[in-house]
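Read the structure below first, then the notes.
This is the structure in structure tokens:
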């Protein structure tokens with residue numbers, strides 16, 4: 001399935017242990033974060049009540065009335081657990097490892113938040129200024145950040161590759177017009193534009209992705225353009241053209257697969273920049289609306305309240321850890337794809 | 347013929363001038379008031395001498411108090427040393443004499459007559475006369491001062507100032523007002539005519555750094571540009587022996603250092619270079635104001651409850667919104683918000699719940715009103731009865747396919763924590779609140795365009811409760827007005843109009859109280875928080891009367907204005923400095939003064 005060249009690159013990548021293990025680790029982390037509701041949530045993983053099993057993690061809320069309380073809103077599972085233990089009627093429930101959802105303020109009577117890390121209170125990394133569990137917010141914040149940067153990457157790559165390839169393939173006026181357009185667009189300071197937009201409408205996840213993508217697809221076009229120019233003059237492209245292949249076939253079947261190495265090497269660094277963009281926007285308060293769990297917001301709380309060190313430490317540690325992992329992967333990919341050793345020229 | 351015509355005109359002009367000057371005779375039926383028995387608020391223990399050092403965040407861009415760049419915070423230091431005709435007693439709010447010793451009211455309800463103190467002197471020794479007040483009008487109306495607001499106010503609001511001899515004047519305003527409001531809105535401050543002589547087009551530039559003669563207890567004595575400004579006490583101040591001024595204005599020098607960062611300023615304070623530090627902000631009070639200096643009693647902490655008009659802060663519900671136009675929803679929302687929980691947690695118990703729109707206005711505030719309490723049962727019951735009994739899978743109520751989901755716009759990111767706590771409990775009542783943080787200018791714009799559903803903000807205070815701008819239907823349903831709830835109620839309109847037209851204080855009080863109740867009943871405003879005190883720390887050599895402030899004090903460390911009641915004990919200063927060196931300990935001081943504390947309803 002893999003071309004021999006790709007296979008060699010994969011083997012080389014696997015041999016670079018640091019990058020390879022980082023890759024495995026981050027894949028596992030992303031996979032786990034997709035099921036964050038089973039790891040950190042105020043809803044139990046499973047409830048056994050009056051002979052019936054409930055799995056409240058996903059789906060609708062279970063109102064207090066379904067467990068014999070007199071209220072219509074979501075049942076307080078911590079109270080329920082206490083009651084089960086007290087009654088000893090064979091009812092039980094299993095809470096996730098971190099029994100807090102990221103939006104939930106948990107207050108300790110007679111003390112002001114933030115609360116320091118403690119195993120007893122199950123706030124393993126403490127809470128933030130509003131009494132929300134930091135571990136839980138880190139997990140959900142990670143999921144949002146990584147998904148955000150992956151979506152951002154997908155959108156920018158689709159636009160960037162498409163326009164870059166067209167510029168290189170068509171050349172002439174099209175190329176010239178887009179070159180100028182891109183030069184103009186690249187000189188617009190993205191962060192300011194987003195701040196202005198965010199001050200008018202509160203952006204949600206998708207508008208933020210599209211907004212950032214609208215101003216960050218340009219970088220890739222230059223590489224794609226030169227690559228296409230180069231490949232376009234190769235003999236195999238000429239041959240394809242000679243036997244009457246359509247433009248789209250030439251671009252997608254011939255040129256694109258041969259320039260993929262350049263795209264892949266940029267991949268991890270785009271992920272890094274996606275995460276940092278979202279984090280810095282959140283830090284400044286122009287990102288996703290409160291109370292969305294976010295690393296940037298946590299960082300902001302931490303720096304504004306340095307005396308509660310656990311907030312800043314958690315946020316900085318998590319951020320550096322993930323960014324380092326991605327950078328290791330990027331390094332390994334770059335080395336695996338290094339043309340000096342593994343590209344063949346005729 | 348032509349010549350004769352002009353001659354006639356000149357004659358007529360001369361005639362009219364003489365008629366006018368003849369017309370300036372005092373009405374015979376004036377009854378003069380003086381309030382000479384007002385109770386002083388200083389301490390007889392006070393001693394004179396020493397210096398008081400405070401800080402300002404920026405060096406003022408000019409020393410002018412009108413014209414371009416003059417609206418900096420430093421202006422209040424200059425204005426506080428420029429006395430007016432009368433003032434308000436900081437505890438009783440009665441009228442007390444300043445430059446005027448007596449005053450009387452005209453029949454028309456918009457004129458006040460004042461007798462000036464003949465001993466009043468400018469800081470350069472010249473007497474203060476009626477001409478200085480007349481000159482204020484010329485000065486403030488001049489185009490050359492480049493101050494449109496003042497031009498307008500002194501042309502349209504104050505219609506005339508008349509002189510009856512050297513030491514008697516009258517001021518007439520545009521409309522009739524209750525007596526004490528005449529002083530507040532139409533009172534004047536004299537302008538030294540002998541000093542300015544003529545106002546020309548170079549005025550703004552020429553007077554940027556001129557020290558203007560004043561009438562108050564202190565005058566600027568030294569300016570080190572960008573670094574500090576020193577005020578010195580006048581040794582022979584003309585009003586020093588007035589009963590209300592005795593034992594006040596005790597320090598010889600007031601030094602204002604420029605320190606551009608509050609954290610650095612705090613370090614200066616800890617070193618003893620500043621005598622006091624205001625600590626209203628919770629992060630300063632709880633996190634910084636502790637440690638050895640406090641434990642050893644070198645620094646003393648004071649919390650002083652004041653009782654002055656409170657900012658009308660809270661959530662404003664836009665009644666033009668399809669969900670919020672239903673009154674039961676508005677009432678249920680008010681019951682679904684747990685403000686007390688916010689106070690007890692993230693606000694560290696530092697704030698109190700605001701009870702109504704206008705509080706702290708004395709008898710003009712309706713003290714029987716209290717904010718709707720957090721009560722999920724009530725909220726749920728009201729919503730069930732109002733046709734919102736159905737709940738979606740996420741627990742949010744639905745009626746006719748519409749979710750009970752509301753957007754809250756707010757302008758400060760520090761407030762996100764508070765609102766997300768309210769959001770969690772509101773969901774229990776089946777109300778979803780989406781937090782929409784905007785930067786402050788677009789927040790203001792959204793609200794002025796009336797595009798919000800719920801807006802969180804606070805209005806600044808005034809002398810008397812203001813209803814017309816906030817609640818009259820004339821200001822509803824259109825952009826750029828202050829009726830941001832779009833309240834539109836004929837009965838309320840009628841009372842507001844009556845309140846505006848009424849000049850009798852007692853009737854106004856009644857109307858204000860009735861209006862407050864109607865506004866509460868309309869449930870368009872959910873009061874949030876108030877800070878009912880001022881607090882700070884000072885070195886133990888700063889001494890205070892038994893009541894270190896007044897009912898209306900916004901700070902305890904004001905050396906001018908109605909402050910200046912503290913004094914520096916030089917013996918204690920030497921003693922404390924020595925004690926710090928050899929670690930002698932005093933008992934730590936953390937005092938609370940609550941003689942002016944408002945009754946809280948719970």
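Protein chains in written order, with the numbering used here: chain Y, 1 to 346; chain X, 347 to 948. Even glycine gets a Cβ: it sits at the ideal position worked out from N, Cα and C. Nothing here was measured: the structure is a model prediction, and the numbers come from that model.
- Here residue 440 of chain X carries a coil assignment [DSSP, helix/strand/coil].
- For residue 425 of chain X, the enclosing alpha helix (DSSP H) stretches over residues 421-425.
- What residue 19 of chain Y touches in chain X, judged by beta-carbon distance under 8 Å, is nothing: the nearest beta carbon there is about 38 Å away.
- Within chain X, the residues 788 have their CB atoms less than 7 Å from the CB of residue 200 of chain Y, given in chain order.
- With the rule of 3 Cβ pairs closer than 8 Å, the segment 190-205 of chain Y counts as touching the segment 785-797 of chain X.
- In this structure, the straight-line span from the alpha carbon of residue 935 of chain X to that of residue 802 of chain X is close to 37 Å.
- Taking the beta carbon of residue 307 of chain Y as reference, the chain X residues within 8 Å of it are 633, listed in sequence order.
- For residue 296 of chain Y, no CB of chain X lies under 7 Å from its own CB, so it is not counted at the interface with that chain.
- Here residue 249 of chain Y carries a helix assignment [DSSP, helix/strand/coil].
- The three-state secondary structure of residue 4 of chain Y, taken from DSSP, is helix.
- Pairing residue 943 of chain X with residue 651 of chain X gives a Cβ-Cβ distance under 7 Å.
- A distance below 6 Å between beta-carbons, with the five flanking residues on each side excluded, links residue 654 of chain X to the following residues of its chain, in chain order: 706, 898.
- Runs of beta strand (DSSP E) with 3 or more residues, each lying fully within the segment 651-697 of chain X, are found at 658-663, listed in chain order.
- By the beta-carbon neighbour count (other beta carbons within 10 angstroms, threshold 16), residue 236 of chain Y is exposed.
- A contact is defined here as three or more CB-CB pairs under 8 Å, and the segment 177-196 of chain Y fails this definition with respect to the segment 242-262 of chain Y.
- Using a Cβ distance threshold of 7 Å, residue 312 of chain Y and residue 302 of chain Y count as a contacting pair.
- Taking a beta-carbon distance threshold of 7 Å, residue 107 of chain Y counts as an interface residue toward chain X.
- A straight line joining the alpha-carbon of residue 795 of chain X with that of residue 166 of chain Y spans about 45 Å.
- Inter-residue distance for residue 721 of chain X and residue 682 of chain X is about 6 Å (C-alpha atoms, whole angstroms).
- Below 8 Å, too few C-beta pairs join the segment 642-650 of chain X and the segment 910-920 of chain X to call them touching: fewer than three.
- With a threshold of 7 Å between beta carbons, residue 291 of chain Y makes contact with chain X.
- Not a single CB atom of chain X sits nearer than 7 Å to the CB of residue 37 of chain Y.
- When Cβ pairs closer than 8 Å are counted between the two stretches, the segment 658-673 of chain X is seen not to touch the segment 579-596 of chain X, the count staying below three.
- Out of X/694, X/713, X/691, the CA that lies nearest to the CA of residue 700 of chain X is found in X/713.
- Among the residues of chain X, those whose CB is under 9 Å from the CB of residue 60 of chain Y are 738, 739, 740, 741, following chain order.
- The three-state reading of DSSP puts residue 831 of chain X in coil, since its state is none of H, G, I, E or B.
- About 6 Å separates the beta carbons of residue 579 of chain X and residue 563 of chain X, which is inside the 8 Å limit, making them a contact pair.
- In the pairwise beta carbon analysis, the segment 474-481 of chain X is classified as touching the segment 530-550 of chain X: at least three pairs are separated by under 8 Å.
- DSSP, reduced to helix, strand and coil, places residue 578 of chain X within a strand of the structure shown.
- For residue 335 of chain Y, there are no C-beta contacts with chain X under 9 Å, since the nearest C-beta of that chain is about 42 Å from it.
- In this chain, the alpha helix (DSSP H) harbouring residue 39 of chain Y covers 36-39.
- Close to chain X, meaning a Cβ-Cβ distance shorter than 8 Å, are the following residues of the segment 97-126 of chain Y: 103, 104, 105, 107, 112, 113.
- Residue 447 of chain X and residue 762 of chain X have their C-alpha atoms spaced approximately 52 Å apart.
- For residue 675 of chain X, the closest Cβ of chain Y is not nearer than 7 Å.
- A direct Cα-to-Cα measurement between residue 685 of chain X and residue 73 of chain Y gives close to 19 Å.
- Residue 560 of chain X is classed as buried because its beta carbon has at least 16 other beta carbons within 10 Å across all chains shown.
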